[in-house]
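*Asks:* Note that the protein sequences, when read in sequence, are chains Z and Y. Numbering-wise (the numbering used here), the first sequence opens with residue 1 and increments by one. Numbering-wise (the numbering used here), the second sequence opens with residue 1001 and increments by one. Cβ coordinates follow ideal geometry from the N, Cα and C atoms, glycine included. Got a structure for you, questions after.
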Amino acid sequence: MARTWAIIERELRRFRRSPILIVVSMIFPLVQLVVLGYAFGGTVKHLTIAVVDQDHGLQATRIRELAGAVAAGPQTYDLVNYADQGAALTDLRNGRVNGVLTIPPGFSRRVLTQNEPKVALIADNTDSFVSATLTGTMGSLLAAFNEPATPVRVPGKAALDVVEVYPYVPYIQYLLPGSITMSIFMMVMIGGGIIFIDDKARGLHEGYLVTPITKLELVAGFNISGTIKAVLAGVVIMVIGSLVAGIPNPLDPMRMARLFLVIVVTAFALISMMFLLMVRVTDPLMPRAMFGVLNTLLYFPSGAVYPQQGFPQWMQWIAAIDPFTYAVHAFKSLLLKNTGMEAIASDMLYLVAFSVVALTAATALFKRTL
Amino acid sequence: MATPAIDVREIVKRFGDFTAVKGISFSVAPGEIFGLLGPNGAGKSTLIRMLTTLIQPTAGTALINGFDIAKQSNDVRRVIGVIPQAMTSDLELSVEENLLIYAKLYGVPRAKRQTLIHDLLESVELLQWRDKQVKHLSGGMRRRVEIARGLVHEPRIFFLDEPTTGLDPVSRTAVWEMLQRIKATRDLTVLITTHYMDEADKLCDRIAIVDHGTLVALDSPLRLKASIPGRNVLEVSFSHVPEGWEATLRSLPQVEGVTGSDHVFRINSHNGPVTTLAILETAARAGVTIQSLAVQSTTLDDVFVHYTGRALRDALQGPSAADSPFMIRR
Ligand SMILES: Nc1ncnc2c1ncn2[C@@H]1O[C@H](COP(=O)(O)OP(=O)(O)OP(=O)(O)O)[C@@H](O)[C@H]1O
Ligand SMILES: [Mg+2]
Chain Z
1 MARTWAIIER ELRRFRRSPI LIVVSMIFPL VQLVVLGYAF GGTVKHLTIA VVDQDHGLQA
61 TRIRELAGAV AAGPQTYDLV NYADQGAALT DLRNGRVNGV LTIPPGFSRR VLTQNEPKVA
121 LIADNTDSFV SATLTGTMGS LLAAFNEPAT PVRVPGKAAL DVVEVYPYVP YIQYLLPGSI
181 TMSIFMMVMI GGGIIFIDDK ARGLHEGYLV TPITKLELVA GFNISGTIKA VLAGVVIMVI
241 GSLVAGIPNP LDPMRMARLF LVIVVTAFAL ISMMFLLMVR VTDPLMPRAM FGVLNTLLYF
301 PSGAVYPQQG FPQWMQWIAA IDPFTYAVHA FKSLLLKNTG MEAIASDMLY LVAFSVVALT
361 AATALFKRTL
Chain Y
1001 MATPAIDVRE IVKRFGDFTA VKGISFSVAP GEIFGLLGPN GAGKSTLIRM LTTLIQPTAG
1061 TALINGFDIA KQSNDVRRVI GVIPQAMTSD LELSVEENLL IYAKLYGVPR AKRQTLIHDL
1121 LESVELLQWR DKQVKHLSGG MRRRVEIARG LVHEPRIFFL DEPTTGLDPV SRTAVWEMLQ
1181 RIKATRDLTV LITTHYMDEA DKLCDRIAIV DHGTLVALDS PLRLKASIPG RNVLEVSFSH
1241 VPEGWEATLR SLPQVEGVTG SDHVFRINSH NGPVTTLAIL ETAARAGVTI QSLAVQSTTL
1301 DDVFVHYTGR ALRDALQGPS AADSPFMIRR
């Protein structure tokens, strides 16, 4: 065990001497948190809609008034009037407008005669976010058109009342669990992947191997030191991230203690995984090349940025074994819902089991000789 | 004879279908400085790696201080100190920290660590740099850090793979002097590889020449030099040069060739002593005074070339684990 400590001591001393490394590995998840948080978190505003009124009747005017109210109120879109449908469509293709709302001739008459009146929305569906927003707003606009004044509720008609259990969660807070996990992963990647292989390539491990250290002592030394480094990164991002994202009551000691536990367990799971991936690698380019792939494969399916229910089947399988999934879920429970241990127990169990499997396999593959 | 410090028995190492070491045997007595010479790719590092338990031999074995390298690796590790060919000191750590970590890895008792490290740093003359990070030191100083590191657990047998390659002549001499000084105060056996024949000649008690994975010569430097057909160069300066003097010189026994200008001649001889004697006699008979005479004897370089030939060893091999882009190979 004394030899394990010697390895840990070496790793940590070296870590302390590379402040740039520490800073860089922490900046990435923070930048990601803030930029993604604000890039995706906002509601879409000021789209441009071309209105082509070919009817000019009273009902057409009502539609245009309702649309104008949205443009003035939530400012989801701005309206531009077009006389010619062809010109509007050309501008749609050029990207000058995001959608074309056409009120066909005879619309007002059809409304009055109740003869299936229709308006057409032609949306630029290359941007699904934008077209979904437009379709949604137009849908409710027509609903308002159909039920003028205060609708009398038919007692037998079911209505949905949504009860929000937790206070409103801004997107940046939704992202924070993923960012903490990412910061742990970054440190694992740099400390346990890149530096580990560089040391190996430079022959530093050759120096260890001629000493009477055992295989288990070496494996323990590498993994414990890696875990310590990753925990440090996780804790720093957890604290800074909570403040930046505005998590309510961020320094609650009980929650911090639980978060710390999740950070430790996650760090250990990720370092075990990295060690397994790197145990037979000798080429220093390898961890660098793997970085992007691993990052994408672990982060996005984990539910850190988008709910997993929206994934295709194959991606849900990745998500099911991805340790990020469980870490993110546990961090979400603690940060967004302030739950107790019961809510995260199964996550912790999975991560511990994952570590045991990965580390056992890695130890079996680890060679005590060159 | 006591148990040899190193006893190599028919050791073989194959990498795939390439045999790097083809059944080498030799033994090194305690206290000896044993030199391992050979061209690039001869298998020296591979041999050292097997002896230091870094790789397993394919066949054969070796006993280090009586311990079998394959079956008693940990006992072997405790009695050896190793300086690998690549520079492996920890650049980010200070000189002293480098030694301290290794003292801990070797389980040197806490009470002994400080004095041991102090003494070692003193003998490699790095005491004043003990707190400096190794990355700020020159190549020669780094090598000395590694030498001190390799001795931090007071090993009985010290393996050094090309410790002086890449160093300037002054640092090179310093390294050897330190090694000799350390060896004088401790009970230490040294196995060293080098490409510098002059070093090996001066410092090694015995020398083994390895080529293509086999042992081609093994003896003391003196005897090795005596063992090859003489190729001496005599430089003689005469007071005056009589008519046809160069032809006279050329006809002397064992002379291979003569070049000369004015009254100074370079004479290549198969046998220095015989030719020298003949020159003295001939000059005396002709009434020519010899102003100076120098005999350059066989060097270890000649021995090396004699045994290994002049062909360059370029051959393609599959990439080896040791050849990564970051490895500081020298
Ligand atoms: N791990 C390996 N896999 C395959 N081939 C190897 C491996 N290690 C060494 N070799 C080959 O074995 C041969 C001997 O290499 P070795 O490093 O022992 O030579 P050396 O005598 O130390 O040479 P140098 O003077 O250049 O250091 C070389 O041809 C080398 O390419
Ligand atoms: Mg070598």
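1) Please name the residue, chosen from Z:MET254, Z:LEU261, Z:MET1 and Z:ALA39, that lies closest to LYS235 of chain Z on a Cα-to-Cα basis.
2) Measuring straight from C-alpha to C-alpha, what distance separates LYS45 of chain Z and PRO74 of chain Z?
3) Do GLY192 of chain Z and ILE271 of chain Z come within 8 Å of each other at the CB atom, strictly closer than that value?
4) Taking 7 Å as the limit, name every residue whose beta carbon sits nearer than that to some heavy atom of ligand 3, in sequence order.
5) Find the residues of chain Y that neighbour SER18 of chain Z, judging by a C-beta separation of less than 8 Å, and give them in chain order.
6) Using 8 Å as the threshold, is the C-beta distance between GLY190 of chain Z and MET238 of chain Z below it?
7) Going by the C-beta, is GLY1107 of chain Y closer than 7 Å to any heavy atom of ligand 1?
8) Do the segment 1008-1023 of chain Y and the segment 1178-1191 of chain Y meet, that is, are 3 or more Cβ pairs less than 8 Å apart?
9) Look up VAL357 of chain Z in the DSSP assignment and say whether it is helix, strand or coil.
10) Would you say PRO1030 of chain Y lies against chain Z (beta-carbon separation less than 8 Å)?
11) Do VAL1236 of chain Y and GLU1246 of chain Y come within 8 Å of each other at the CB atom, strictly closer than that value?
12) Among the candidates Z:ILE22, Z:LEU89 and Z:THR113, whose CA atom is the shortest distance from the CA of ASN98 of chain Z?
13) The beta strand (DSSP E) that contains TYR77 of chain Z, what's its start and end?
14) Specify the secondary structure class of ARG1330 of chain Y as computed by DSSP and reduced to three states.
15) With a threshold of 7 Å, establish whether the CB of GLY1272 of chain Y neighbours any heavy atom of ligand 1.
16) Going along chain Z in order, which residues have a C-beta closer than 8 Å to the C-beta of THR1053 of chain Y?
17) Going along chain Z in order, which residues have a C-beta closer than 7 Å to the C-beta of VAL1082 of chain Y?
18) Is PHE1018 of chain Y buried or exposed, if buried means 16 or more other CB atoms sit within 10 Å of its CB?
19) List the residues of chain Z that ALA1059 of chain Y touches, going by C-beta distances under 8 Å, in chain order.
20) Could you check where the beta strand (DSSP E) with ILE1192 of chain Y kicks off and where it finishes?
21) Any heavy atom of ligand 1 closer than 7 Å to the Cβ of ALA201 of chain Z?
22) By how many angstroms is the C-alpha of TYR1307 of chain Y removed from the C-alpha of VAL1012 of chain Y?
23) Near ALA343 of chain Z, which residues of its chain fall below 6 Å by C-beta distance, leaving aside the five closest residues on each side in sequence?
24) Could you check whether ILE184 of chain Z and ALA132 of chain Z sit closer than 8 Å to each other, using their CB atoms as the reference points?
25) Evaluate ILE1290 of chain Y with the Cβ neighbour count: other Cβ atoms within 10 Å of its Cβ, from every protein chain shown; 16 or more gives buried, anything less gives exposed.
26) For ILE1024 of chain Y, does the three-state DSSP call read helix, strand or coil?
27) THR1259 of chain Y bridges to which residues according to DSSP?
28) When we look at the beta-carbon of ILE1328 of chain Y and count the other beta-carbons within 10 Å, is it buried (16 or more) or exposed?
29) Is GLY1060 of chain Y near ligand 1, with its Cβ less than 7 Å from a heavy atom?
30) Which word fits ALA1002 of chain Y, buried or exposed, when buried means at least 16 other C-beta atoms lie within 10 angstroms of its C-beta?
31) Return helix, strand or coil for ALA1286 of chain Y, following the three-state DSSP convention.
32) Going along chain Z, which residues have a C-beta under 7 Å from GLN1056 of chain Y?
33) Indicate whether at least one CB of chain Z lies closer than 8 Å to the CB of THR1088 of chain Y.
34) Residues of the segment 326-348 of chain Z with a CB closer than 7 Å to any CB of chain Y: list them in chain order, please.
35) Does chain Z have any CB closer than 8 Å to the CB of LEU1160 of chain Y?
36) Mind pulling the chain Z residues with CB within less than 7 Å of ILE1101 of chain Y?
*Replies:* Once the coordinates are examined:
1) Rather than Lys, the amino acid found at residue 235 of chain Z in this sequence is Val. With distances taken between Cα atoms, VAL235 of chain Z lies closest to Z:LEU261.
2) 8 Å
3) yes
4) The model on display carries ligand 1 and ligand 2 but not ligand 3.
5) GLU1092
6) Reading off the sequence shown, one finds Ile at residue 190 of chain Z, where the question assumed Gly. Not a contact, by the Cβ cut-off of 8 Å.
7) no
8) no
9) helix
10) no
11) no
12) Closest option to ASN98 of chain Z, judged by alpha-carbon separation, among Z:ILE22, Z:LEU89 and Z:THR113: Z:LEU89.
13) 77-82
14) Its pLDDT being 42, under 50, ARG1330 of chain Y is placed unreliably by the model, and nothing is read from it.
15) no
16) LEU209, VAL210 and THR369
17) VAL210
18) exposed
19) Those within 8 Å of ALA1059 of chain Y in chain Z number zero; the least Cβ separation is about 16 Å.
20) 1189-1193
21) no
22) Taking C-alpha positions only, VAL1012 of chain Y is separated from TYR1307 of chain Y by approximately 21 Å.
23) SER333
24) no
25) Flag for ILE1290 of chain Y reads exposed.
26) strand
27) Y:ARG1266
28) Only weak support is given to the placement of ILE1328 of chain Y: the predicted model assigns it a pLDDT of 45, under 50, and the question is left unresolved by the model.
29) no
30) exposed
31) helix
32) THR369
33) By this cut-off, THR1088 of chain Y is an interface position.
34) none
35) no
36) ALA6, GLU9 and ARG10
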